[in-house]
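A.B. asks: Attaching a single structure in structure tokens format; questions to follow.
Protein chains: 2
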Amino acid sequence: MENLKGKKAAILATNGFEESELFEPKKALENSGAEVTVISPERGNIKAWRHGNWSKEIGVDITIDNASVNDYDCLILPGGVINPDKLRRNSKAVDFARRFFENNRLVAAICHGPQLLIDAEVVSGRTMTSFHAIRKDLENAGANWIDSEVVVDDKLITSRNPGDLEAFNRRIIEKMI
Amino acid sequence: MENLKGKKAAILATNGFEESELFEPKKALENSGAEVTVISPERGNIKAWRHGNWSKEIGVDITIDNASVNDYDCLILPGGVINPDKLRRNSKAVDFARRFFENNRLVAAICHGPQLLIDAEVVSGRTMTSFHAIRKDLENAGANWIDSEVVVDDKLITSRNPGDLEAFNRRIIEKMI
Chain V
4 MENLKGKKAA ILATNGFEES ELFEPKKALE NSGAEVTVIS PERGNIKAWR
54 HGNWSKEIGV DITIDNASVN DYDCLILPGG VINPDKLRRN SKAVDFARRF
104 FENNRLVAAI CHGPQLLIDA EVVSGRTMTS FHAIRKDLEN AGANWIDSEV
154 VVDDKLITSR NPGDLEAFNR RIIEKMI
Chain W
4 MENLKGKKAA ILATNGFEES ELFEPKKALE NSGAEVTVIS PERGNIKAWR
54 HGNWSKEIGV DITIDNASVN DYDCLILPGG VINPDKLRRN SKAVDFARRF
104 FENNRLVAAI CHGPQLLIDA EVVSGRTMTS FHAIRKDLEN AGANWIDSEV
154 VVDDKLITSR NPGDLEAFNR RIIEKMI
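One line per chain: the protein sequences are V and W, in this order. All you need for this note's numbering is the position in the first sequence, starting with 1, plus 3. All you need for this note's numbering is the position in the second sequence, starting with 1, plus 3.
Below is the structure:
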């Protein structure tokens, strides 16, 4: 099960990420042999959100100022209603996500995670899903939104919510091999 | 200062509303003589959000099932990153907001409040502002977004954040008289 040995994934998040949407992909990829780096505009720890409240923290490995897109095979964007709302206001976070598309690298976004991709202006013409609250925003940005546990459009993988994580993680691993 | 005697305003909100963005317009309108009704999909109390945490509660006067647009001269939509994200997923909340536009009544939205108006499909061609995180979503929905403490476009009043509340409240009162 060490299919991803030598592969590197970046998780971009800040305070208010949905707990399972960061920890579960991280665990799945590490169990497959990948190296996973938590990147954030914040230093130190960032705090998760779970069942409507703040929950546990995770350490930031690299701040976004020091991260280079070329170091990673894949970018993972967890949701949580608070986390992407903060990231999309940060031009470095928006640029970081955009460069994965410019460099034709894998991007996997779940729940509210795709909000950052609206600001990165990379969703027009893409078939994708998201948490249903932001469906209209993705459609208005030019996406073809569909209601499915996981949607793979070339190198863009999207899912709706924590209940889709098994399918989301499986597809990320398949595409990273 | 009883300019609004006999006037009625509805505040539509649910859990996660930005505390000041509900309580301050409510107080300003009541001080001017208006009757203010808190409407929500939820029964009982709804909980505010303040400085990144849950804060105080307010009682819901009428659930959305029992509210009629014709009873109100004005609709106020507070923000808070969590509150409009919940409301926009509720078709009754979306329809309630849309009917204020169809009936040519005053609507005042602040911060993330305009997210509900994207789902109500009423922002195209309107000049407005919002919390800057959702600027792109409003532009993609066809709005002409400008960065100003308060924007009045006919019967639509919008502001950016709690720092704009004084101007926001003043314009609501002026337009309700």
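Note that beta-carbon positions come from the ideal geometry of N, C-alpha and C, so glycine has one too.
Return the CA-CA distance between glutamate 5 (chain V) and methionine 179 (chain V), expressed in angstroms with no decimal places.
C.D. replies: Computed Cα separation, rounded: 12 Å.
A.B. asks: Just to confirm the assignment: which complete beta strand (DSSP E) runs, minimum length 3, are found wholly within the region 22-51 of chain W?
C.D. replies: If we require 3 residues or more, the beta strand (DSSP E) runs fully inside the region 22-51 of chain W come out as 38-43.
A.B. asks: Between leucine 80 (chain V) and leucine 119 (chain V), which are expected to be in contact by the criterion C-beta below 8 Å, what is the C-beta distance as a whole number of angstroms?
C.D. replies: Right, their Cβ atoms sit about 6 Å apart.
A.B. asks: List in chain order: all unbroken alpha helix (DSSP H) runs of 4+ residues lying wholly within the region 69-134 of chain V.
C.D. replies: The qualifying runs are 86-90, 94-105, 118-122.
A.B. asks: May I ask you to list the residues that DSSP assigns as paired with threonine 192 (chain V)?
C.D. replies: Beyond the ends of chain V as shown, which are 4 and 180, falls residue 192 (chain V); an answer cannot be given.
A.B. asks: If you follow the alpha helix (DSSP H) that alanine 146 (chain V) is part of, which residue opens it and which one closes it?
C.D. replies: Counting along the chain, alanine 146 (chain V) falls outside any alpha helix (DSSP H), and DSSP gives it neither H nor E.
A.B. asks: Looking only at DSSP bridge pairs, what is threonine 66 (chain W) linked to?
C.D. replies: Answer is W:Ser43, bridged to threonine 66 (chain W).
A.B. asks: Check whether the Cβ atoms of lysine 8 (chain V) and glycine 36 (chain V) lie closer than 8 Å to each other.
C.D. replies: Contact flag set, yes.
A.B. asks: Confirm, please, whether the CB-CB distance from threonine 40 (chain W) to aspartate 64 (chain W) is below 8 Å.
C.D. replies: Yes, they are a contact pair.
A.B. asks: Against chain W, does lysine 84 (chain V) count as a neighbour if the rule is that its beta carbon must be under 8 Å from one of theirs?
C.D. replies: Strictly speaking, residue 84 (chain V) in this sequence is valine, with lysine absent from that position. Cβ-Cβ to chain W under 8 Å: yes for valine 84 (chain V).
A.B. asks: To be precise: take each residue of the region 123-148 of chain W, compare its Cβ to all Cβ atoms of chain V, and keep it if any distance is under 7 Å. Which residues remain?
C.D. replies: Of all residues in the region 123-148 of chain W, His135, Ala136, Lys139, Asp140, Asn143, Ala144 have a Cβ within less than 7 Å of some Cβ in chain V.
A.B. asks: Counting only the same chain and skipping the five closest in sequence on each side, list residues whose C-beta sits under 7 Å from that of glycine 116 (chain V).
C.D. replies: Counting only Cβ-Cβ distances below 7 Å, and skipping sequence neighbours, we find Leu80, Pro81, Gly82, Pro87.
A.B. asks: Determine the closest residue to serine 43 (chain V) out of V:Trp57, V:Asp98, V:Leu32, V:Arg53, with distance taken between C-alpha atoms.
C.D. replies: Among V:Trp57, V:Asp98, V:Leu32, V:Arg53, the Cα nearest to that of serine 43 (chain V) belongs to V:Asp98.
A.B. asks: Note down, in chain order, every chain W residue with its Cβ under 8 Å from the Cβ of isoleucine 121 (chain V).
C.D. replies: Here the neighbours are Lys139, Asp140, Asn143.
A.B. asks: Going straight from the alpha carbon of alanine 70 (chain V) to that of asparagine 147 (chain W), what length do you get?
C.D. replies: If I take the Cα positions, the gap works out to 35 Å.
A.B. asks: Please list the terminal residues of the continuous alpha helix (DSSP H) segment that includes lysine 178 (chain W).
C.D. replies: Lysine 178 (chain W) -> alpha helix (DSSP H) spans 168-179.
A.B. asks: According to DSSP, is alanine 201 (chain W) helix, strand or coil?
C.D. replies: Absent from the structure is residue 201 (chain W), since the part of chain W shown begins at 4 and ends at 180.
A.B. asks: Please classify aspartate 122 (chain W): is it buried, with 16 or more other beta-carbons within 10 angstroms of its beta-carbon, or exposed?
C.D. replies: Buried is the call here.
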